[in-house]
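Novice: After the structure tokens below, expect a handful of questions from me.
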Ligand code: FES
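Here you go:
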């Protein structure tokens, strides 16, 4: 069962203000790394907002996840500019290194691997995003070195 203490705190921080729904969901996701059903139910009850409305918001914004995610989100850009500069090799190397396919979490829940299409930094492609930071001019070897920095924290 999900501990609801963290979401209760988030709701309190936002004074149970339903106009802050998106911010509340963002903060709740930061606490749980995703949005478990029990957390959404708690938000629905406490804000008196129907679950259907909450699901509409959660499914509209790509940043929200209804599935458990790793501690770090590693997104490999597969847009055209990155693709021609070697993104497929980076993807293969990272998949092997983490032993996952895109959309999956590593067994230790340290990473979730994703692919994305253009993150707007084509000039420095190939690009990998880890959490909220973009890393450019990568090679497959540099990508592994980058991930190693996130393996222990
Ligand atoms: S194609 Fe990768 S940043 Fe644009």
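In our numbering, the protein residues as written are 136 to 288.
For each residue, glycine too, the CB sits at the ideal point set by N, CA and C.
(1) Which class does residue 269 belong to by DSSP, given the choice of helix, strand or coil?
(2) Taking 7 Å as the cut-off, does the CB of residue 262 come closer than this to any heavy atom belonging to ligand 1?
(3) Let me check one thing: in DSSP terms, what residues is residue 212 bridge-paired to?
(4) Thinking residue 166 and residue 199 are a contact (beta carbons under 8 Å), I'd like their distance in whole angstroms, please.
(5) Report the three-state DSSP secondary structure of residue 285 (helix, strand or coil).
(6) Specify the secondary structure class of residue 297 as computed by DSSP and reduced to three states.
(7) Could you spell out where the alpha helix (DSSP H) holding residue 141 opens and where it closes?
(8) Would you kindly check if the distance between the Cβ of residue 179 and the Cβ of residue 185 is under 8 Å?
(9) With a threshold of 7 Å, establish whether the CB of residue 209 neighbours any heavy atom of ligand 3.
(10) Under 8 Å between the Cβ atoms of residue 208 and residue 229?
(11) Just how far apart, CA to CA, sit residue 281 and residue 266?
(12) With a threshold of 7 Å, establish whether the CB of residue 215 neighbours any heavy atom of ligand 1.
(13) Roughly how many whole angstroms lie between the Cα atoms of residue 142 and residue 274?
(14) Apply the 10 Å Cβ neighbour rule to residue 154 and answer buried if 16 or more other Cβ atoms are within range, or exposed otherwise.
(15) Leaving out five residues on either side along the sequence, give the residues of the same chain with a beta carbon under 8 Å from the beta carbon of residue 225.
(16) Between the C-alpha atoms of residue 183 and residue 138, what's the straight-line distance to the nearest angstrom?
Specialist: So, from the data block:
(1) strand
(2) yes
(3) 251
(4) About 13 Å; that fails the 8 Å criterion.
(5) helix
(6) The structure shown does not extend to residue 297, since the chain spans only 136 to 288, so no value can be given for it.
(7) 140–148
(8) yes
(9) This structure does not include ligand 3; its bound ligands are ligand 1.
(10) no
(11) 12 Å
(12) yes
(13) 40 Å
(14) exposed
(15) 211, 261, 263, 273, 274, 275 and 278
(16) 20 Å
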